[in-house]
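Novice:
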Amino acid sequence: MPLLEVKGASKRFGGVSALSAMDFKMNEGEIVGLIGPNGAGKTSFFNCLTGLLPLDKGTIFFKDARFALHRLPPHRIAEAGLARTFQNLRIFKNMTLLENVSIGFHARRFSERKIFEESDRLLDFMGLQAQSREIAANLPYGSQKRLEIARALACGPSLLLLDEPVAGMNANEKEEIIRLIRDIRSRGMAVLIIEHDMNVVMPLSDRVMVMDEGAKIAEGKPEEIRSDKRVIEAYLGEM
Amino acid sequence: MSLFLQQILNGLSIGLVYALIALGYTMVYGVIQLINFAHGEIFMVGGYLALTVILLFSLFFAQVPVWGALVAMIVFSVLGCALLGAVVERVAYRPLRGSPKLTALITSIGVSFFLQNAVMLIYGSKEQSVPPILPYHVFEMGAISFSLMQVIIFFTSIILMTLLTRFVKFSKTGKAMRAVSENREAASLMGVPVQKVIQATFVIGAALAAVGGALFALNYESINFHDGYLAGLKAFTAAVFGGIGSIPGAVIGGICLGVFESLGAGYISSEWKDVFAFILLVTVLIFKPSGILGEHLPEKV
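The listed protein sequences derive, respectively, from chains A and B. First residue of the first sequence: 46, per our numbering; consecutive thereafter. First residue of the second sequence: 392, per our numbering; consecutive thereafter.
#1: Just how far apart, CA to CA, sit A/M140 and B/I646?
#2: Whole-angstrom Cβ separation of B/M435 and B/G604, contact assumed at under 8 Å?
#3: Determine the chain B residues that contact A/S272 at a beta-carbon separation under 7 Å, and present them in chain order.
#4: Identify whether A/D109 lies in helix, strand or coil by the three-state DSSP scheme.
#5: Can you give me, in chain order, the residues of the region 484–516 of chain B that have a beta carbon less than 7 Å from any beta carbon in chain A?
#6: Mind listing which residues of the region 75–101 of chain A have their C-beta closer than 7 Å to chain B's C-betas, in chain order?
#7: Report, in whole angstroms, the separation of the C-beta atoms of B/G682 and B/G406, which I expect to be a contact under 8 Å.
#8: Hey, could you find the ends of the alpha helix (DSSP H) B/M540 is sitting in?
#9: Would you give the residue range spanned by the beta strand (DSSP E) that B/M532 belongs to?
#10: Excluding five sequence neighbours on each side, which residues of the same chain lie with their C-beta closer than 6 Å to the C-beta of A/V276?
#11: If distances are taken between C-alpha atoms only, which option among B/N615, B/V673, B/N508 and B/G657 comes closest to B/Q398?
#12: Rounded to a whole number of angstroms, what is the C-alpha to C-alpha distance between B/S449 and B/Y416?
#13: Bridge partners for A/V77 per DSSP, in chain order?
#14: Are A/S250 and A/I76 close, meaning C-beta to C-beta below 7 Å?
#15: Is B/I683 close to chain A? Criterion is C-beta to C-beta, closer than 7 Å.
#16: By DSSP's criteria, A/R129 is part of a beta bridge. Which residues make up the other side?
#17: Please determine, among A/E144, A/F58, A/E50 and A/S62, the residue with the shortest C-alpha to C-alpha distance to A/E258.
#18: For the region 158–228 of chain A, list the beta strand (DSSP E) runs that are entirely contained and at least 3 residues long, ordered along the chain.
#19: With H, G and I counted as helix, E and B as strand and the rest as coil, what does DSSP make of A/R230?
#20: Suppose you measure from the CA of A/M284 to the CA of A/E221; what does that come to, to the nearest Å?
#21: Excluding the 5 residues flanking B/K691 on each side, which residues of the same chain have their C-beta closer than 7 Å to its C-beta?
#22: Kindly indicate which three-state DSSP category A/I262 falls into: helix, strand or coil?
#23: Should B/S579 go down as buried or exposed, given a rule of 16 or more other Cβ atoms within 10 Å for buried?
#24: Note down the Cα distance separating A/M71 from A/F150, rounded to an integer number of angstroms.
#25: Decide if A/L94 is buried, meaning its Cβ has at least 16 other Cβ atoms within 10 Å, or exposed.
#26: Kindly list, in the order they appear in chain A, the residues whose Cβ is closer than 8 Å to that of B/V422.
#27: Run through the region 632–657 of chain B for me and flag every whole beta strand (DSSP E) of 3 or more residues, listed as ranges in chain order.
#28: So with CB distances below 8 Å, who are the chain B contacts of A/H115?
#29: Please classify B/S393: does DSSP put it in a helix, a strand, or coil?
#30: At least one CB of chain A closer than 7 Å to the CB of B/A577: is that the case?
#31: Going by the beta-carbon positions, is the gap between B/L676 and B/S637 smaller than 7 Å?
#32: With 16 as the cutoff for other CB atoms within 10 Å, does A/A216 come out buried or exposed?
#33: Beta-carbon of B/G716 versus every beta-carbon of chain A: anything under 7 Å?
#34: Would B/I570 pass as an interface residue toward chain A - the criterion being a Cβ-Cβ separation below 7 Å?
#35: Tell me, please, whether the CB atom of A/R135 is closer than 7 Å to any CB atom in chain B?
#36: How would you list, in chain order, the residues of chain A whose beta-carbon sits under 7 Å from the beta-carbon of B/V559?
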């Protein structure tokens with residue numbers, strides 16, 4: 046049974062189709078790369094999944110249809126086990142790292158003590174423990190990106206959506222993120238990644254989906270995608 | 392010199408009441424960027440609820456000790472106003488979430504008129520005198536003196552402000568409030584129930600205003616249905632002065648405003664007391680519109 050099942054998801058903004066009749070499935074523990082040119086609708090797809098944008102048409106079912114995400118408000122979706130990061134960082138800049146992560150635990154019925162311990166553990170996992178009492182705004186960009194992932198993990202997701210997790214990072218930081226994503230998957234979470242860097246997406250993903258103009262134009266194993274004509278035309282050809 | 396110290400002391404006690412009200416303005420502004428002009432009326436309702444309790448006690452429970460009446464009065468007005476704050480948020484502001492800010496602002500003025508007139512219909516348009524329940528006791532310290540009421544105002548406000556600061560800093564809901572005020576969308580995507588957090592903010596703001604209202608009614612021994620207007624406007628001034636959205640700012644703003652007003656009243660004329668308060672508002676808006684501790688500019692209203 047699929048973890049996530051999207052059927053006929055459509056979203057229009059005036060005359061522009063951000064999503065048109067998208068069908069998509071994901072299984073537990075899978076890493077899927079989502080690629081496509083700018084404006085292809087990748088972030089809109091994330092926004093629809095997480096409840097920021099209500100669908101015009103279609104359904105999104107989660108965990109064997111236990112949750113109908115297209116009918117839930119964003120905080121219930123997070124509670125159901127779907128968490129995300131953002132293309133442009135949206136950490137809580139005036140709060141400490143520890144506070145940022147503890148917000149992710151809000152919907153889980155943990156004691157204050159447990160939230161503190163678990164937040165500390167997550168910061169450690171992300172290599173940020175030494176700065177846990179610092180204000181998030183004072184961190185370098187790469188650490189802020191890692192903090193955002195830590196905060197999303199605090200929601201206890203079964204599916205983690207990462208929107209360009211390595212954008213703006215240097216080679217070492219990219220390696221580190223790739224290692225972390227593999228580690229996250231080994232803990233049983235599924236990961237859906239929007240990423241432009243083919244050297245990151247291709248080796249990391251079990252499967253790649255390509256979008257263009259709001260529609261899925263291809264889906265398959267990374268090596269199949271590399272050789273798909275339509276994909277090369279729409280996207281890879283540009284590079 | 393003794394006049395100076397005396398006026399500072401008097402200013403401090405009224406300033407703390409302004410600060411209690413200003414906290415509600417600043418917290419609500421912090422989470423939804425709304426200047427809730429009905430907040431002054433919540434304060435006024437708090438005063439009337441306190442009056443009601445005092446009248447009930449003097450009629451039926453005259454043998455109850457003073458402190459019992461005092462506690463009952465504060466608890467009753469806090470609960471009443473907290474409920475009122477929650478209802479106002481649910482009925483008047485929640486349906487407007489996502490609409491232009493001006494819409495909610497105009498609505499808050501409407502709520503303010505509604506509450507004023509509702510209270511006028513219930514209690515009448517005449518000023519109501521609040522029977523003094525506290526023994527009139529004056530403490531002398533050298534050349535300055537202060538009343539028992541001032542002592543109560545001082546300790547109640549300081550305790551509440553300390554509790555609030557700790558609540559916002561450490562509690563789960565307090566942290567969620569800060570998260571919502573920084574980035575509502577991101578907070579909701581992390582599982583924070585934003586509507587509940589906003590409602591909690593209104594409830595806490597209203598509860599603080601209720602305490603302010605009860606203390607105000609006791610201190611001045613009278614209350615009128617339009618008392619909330621002036622007190623609300625001054626507390627708003629205090630919030631802007633301190634930097635709207637900032638909790639320490641509201642406290643500092645309230646105290647500064649009270650002291651400034653009181654010094655003006657002492658040295659120039661008490662008739663001009665309110666003028667001084669608004670001179671402060673105009674000066675701040677001209678020279679430092681973001682206030683002492685504020686980061687962002689308030690809307691022009």
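Built from N, CA and C at the ideal position, the CB exists for glycine as well.
Specialist: Taking the coordinates as given:
#1: As a first step, residue 140 of chain A is located in the first sequence; it is residue number 95 there, counting from the start. As a first step, residue 646 of chain B is located in the second sequence; it is residue number 255 there, counting from the start. Roughly 27 Å between the two C-alpha positions.
#2: As a working note, residue 435 of chain B is residue 44 in the second sequence. As a working note, residue 604 of chain B is residue 213 in the second sequence. With a contact defined as Cβ atoms closer than 8 Å, B/M435 and B/G604 qualify at about 6 Å.
#3: Sequence index remark: in the first sequence, residue 272 of chain A carries index 227 (1-based). Identification of chain B residues near A/S272 by a Cβ-Cβ cut-off of 7 Å yields none; the smallest Cβ-Cβ distance measures about 36 Å.
#4: As a first step, residue 109 of chain A must be located in the first sequence, where it is residue number 64. Residue state for A/D109 is assigned as coil, using DSSP reduced to three classes.
#5: Cβ contacts with chain A come from no residue of the region 484–516 of chain B.
#6: Hits within the stretch, in order: T95 and L97.
#7: Taking the first residue of the second sequence as 1, we reach residue 682 of chain B at position 291. Taking the first residue of the second sequence as 1, we reach residue 406 of chain B at position 15. A Cβ-Cβ separation of about 16 Å leaves B/G682 out of contact with B/G406 under the 8 Å criterion.
#8: What you label residue 540 of chain B is simply residue 149 of the second sequence in a count that begins at 1. For B/M540, the enclosing alpha helix (DSSP H) stretches over residues L539 to F561.
#9: By 1-based counting over the second sequence, the position of residue 532 of chain B is 141. Unbroken beta strand (DSSP E) run through B/M532: V529 to M532.
#10: Numbered from 1 along the first sequence, position 231 holds the residue referred to as residue 276 of chain A. Exclusion of the five residues before and after A/V276 leaves V255, A263 and I270 as the residues of its chain whose Cβ lies within less than 6 Å of its Cβ.
#11: As a working note, residue 398 of chain B is residue 7 in the second sequence. Considering only alpha carbons, the answer is B/G657.
#12: Residue numbering aside, residue 449 of chain B sits at position 58 when the second sequence is read from its first letter. Residue numbering aside, residue 416 of chain B sits at position 25 when the second sequence is read from its first letter. Taking the straight line joining both Cα atoms gives about 34 Å.
#13: Position 32 of the first sequence holds residue 77 of chain A. The partner list for A/V77 (beta bridge, DSSP) reads A/L237 and A/R252.
#14: Working through the first sequence from its first residue, we reach residue 250 of chain A at position 205. Working through the first sequence from its first residue, we reach residue 76 of chain A at position 31. Yes, these two residues count as a Cβ contact at 7 Å.
#15: Start at 1 with the first residue of the second sequence, and residue 683 of chain B comes out as number 292. False, the Cβ-Cβ gap to chain A never drops below 7 Å.
#16: On the first sequence, position 84 is the one that residue 129 of chain A refers to. As DSSP reads the structure, A/R129 sits in a beta bridge with A/L206.
#17: Within the first sequence, residue 258 of chain A is the residue found at index 213, counting from 1. For A/E258, the closest alpha carbon among the candidates A/E144, A/F58, A/E50 and A/S62 is that of A/S62.
#18: Runs of the beta strand (DSSP E) inside the region 158–228 of chain A: 204–208.
#19: Walking along the first sequence from the start, residue 230 of chain A turns up at place 185. Reduced to three states, the DSSP call for A/R230 is helix.
#20: Within the first sequence, the letter at position 239 stands for residue 284 of chain A. Within the first sequence, the letter at position 176 stands for residue 221 of chain A. Unreliable positioning characterises A/M284 in this predicted model, as indicated by a pLDDT of 47, which lies under 50. The coordinate reading is nonetheless provided below. Each residue's alpha carbon lies about 25 Å from the other.
#21: Here residue 691 of chain B is taken as the residue at index 300 of the second sequence, counted from 1. Caution applies to B/K691, whose pLDDT of 42 falls short of 50 and renders its modelled position unreliable; the value that the coordinates give is listed next. Hits under 7 Å: none found.
#22: As a first step, residue 262 of chain A must be located in the first sequence, where it is residue number 217. Here DSSP, grouped into helix, strand and coil, assigns A/I262 to strand.
#23: The residue labelled residue 579 of chain B in the question sits at position 188 within the second sequence. So B/S579 ends up on the buried side.
#24: Position 26 of the first sequence holds residue 71 of chain A. Position 105 of the first sequence holds residue 150 of chain A. Taking the straight line from one Cα to the other gives about 25 Å.
#25: Locating residue 94 of chain A in the first sequence gives position 49, where the first residue counts as 1. So A/L94 counts as buried.
#26: Stepping through the second sequence from its first residue, residue 422 of chain B is reached at position 31. Those within 8 Å of B/V422 in chain A number zero; the least Cβ separation is about 13 Å.
#27: When DSSP assignments are scanned along the region 632–657 of chain B, no uninterrupted stretch of beta strand (DSSP E) that is 3 or more residues long falls wholly within it.
#28: Against the first sequence, residue 115 of chain A aligns to sequence position 70. The premise fails here: A/H115 is roughly 16 Å from chain B at the closest Cβ pair, so nothing lies under 8 Å.
#29: Numbered from its first residue, the second sequence carries residue 393 of chain B at position 2. In the three-state reduction of the DSSP assignment, B/S393 falls in the helix class, which pools H, G and I.
#30: Counting from 1 along the second sequence, the entry for residue 577 of chain B is found at position 186. Yes, B/A577 lies at the interface with chain A (some Cβ there is under 7 Å from its Cβ).
#31: Taking the second sequence and counting its residues from 1, one reaches residue 676 of chain B at position 285. Taking the second sequence and counting its residues from 1, one reaches residue 637 of chain B at position 246. No, the Cβ-Cβ distance between B/L676 and B/S637 is not below 7 Å.
#32: Taking the first residue of the first sequence as 1, we reach residue 216 of chain A at position 171. Residue environment for A/A216: exposed (fewer than 16 other C-beta atoms within 10 angstroms of its C-beta).
#33: Residue numbering for chain B in the displayed model covers 392 to 692; residue 716 of chain B lies beyond these limits and cannot be assessed.
#34: Here residue 570 of chain B corresponds to residue number 179 of the second sequence, with the count starting at 1. According to the sequence displayed, residue 570 of chain B carries Ala and not Ile. When Cβ-Cβ separations below 7 Å define contact, B/A570 makes contact with chain A.
#35: Against the first sequence, residue 135 of chain A aligns to sequence position 90. At a cut-off of 7 Å between C-beta atoms, A/R135 counts as an interface residue with respect to chain B.
#36: As a first step, residue 559 of chain B must be located in the second sequence, where it is residue number 168. Correct list: empty, because the minimum Cβ distance to chain A is about 11 Å.
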